[in-house]
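*Asks:* One structure coming up, written as structure tokens, with questions to follow.
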Amino acid sequence: MSSVGNPSNIFWHECAVGKVDRQKLLNQQGCIVWITGLSGSGKSTLACSLGRQLHSRGKLSYVLDGDNLRHGLNKNLGFAPEDRTENIRRVGEVAKLFADAGLICIASLISPYRKDRDACRSLLPEDFIEARGFCAARILFSSAGCSNNIEIQEKDGKCATPNEMAGEVVSYLEDKGYLEAQH
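So the sequence shown is numbered by UniProt numbering: it starts at 1 and just counts up by one.
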């Protein structure tokens, strides 16, 4: 007889090595940087640039790209509203695991519904950073219910490059203390 789905047989198991221990080992704090925007707006390019910049600083990150995840984890999902919601829910759960492991998880997805992003934020409210609006030469950050605008200056009337935008995200993470371990 299967016990799948029987809540009386499912228990949370704590381990001796916790989140703070992993963060000290990596000398960084785990978090989720959630990059959202329209299709073709540069989310994946920004995410990869951010991952490269963090790596060059000796910081461990992982990019969860929405298109890539639809080749595996979410290949059984379509684009109907309920499938989009499940897509985001799954990515949120995986991102939380990466952040708990001490990584800076960079999730890059269209994620059109505020309620779905808020559900992901609720998994890790203090360490969920949303970046959006970057194709308009501006990144809007919101973390733990607070919003901060960071303006990226245009150069000769041109939008900032992905590397410049990623640099703004790195600066934000540094200012918020994510690039060092908790003390």
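The beta carbon of each residue, even a glycine, is placed where N, CA and C say it ideally should be.
#1: Please look up how many angstroms separate the CB atoms of residue 31 and residue 104, rounded, as I've assumed it's under 8 Å.
#2: Taking just the CA atoms, how far does residue 132 sit from residue 185?
#3: Are the region 14-22 and the region 111-120 touching, with three or more C-beta to C-beta distances below 8 Å?
#4: Do you know whose CA, among 33, 9, 25, lies nearest residue 126's CA?
#5: Exposed or buried, what is residue 136 when buried is set at 16 or more other beta-carbons lying within 10 Å of its beta-carbon?
#6: In its own chain, which residues sit with a C-beta less than 6 Å from the C-beta of residue 98, not counting the 5 before and 5 after it?
#7: Can you tell me whether DSSP reads residue 61 as helix, strand or coil?
#8: Using the Cα positions of residue 152 and residue 28, report the straight-line distance between them to the nearest angstrom.
#9: Checking the sheet assignment: what are the DSSP bridge partners for residue 33?
#10: Please state whether DSSP places residue 55 in a helix, a strand or coil.
*Replies:* Per the coordinate set shown:
#1: 6 Å
#2: Residue 185 lies beyond the residue range present for the chain, which begins at 1 and ends at 183; the question has no answer from this structure.
#3: no
#4: 33
#5: Residue confidence is low: residue 136 scores 46 on pLDDT, short of 50, so the model does not pin down where it sits. No coordinate-derived value is stated.
#6: 62, 105
#7: strand
#8: Per-residue confidence for residue 152 stands at a pLDDT of 44, beneath the threshold of 50, marking its modelled position as unreliable; the derived number appears in the next sentence. Their backbone Cα atoms lie some 25 Å apart in a straight line.
#9: 106, 129
#10: helix
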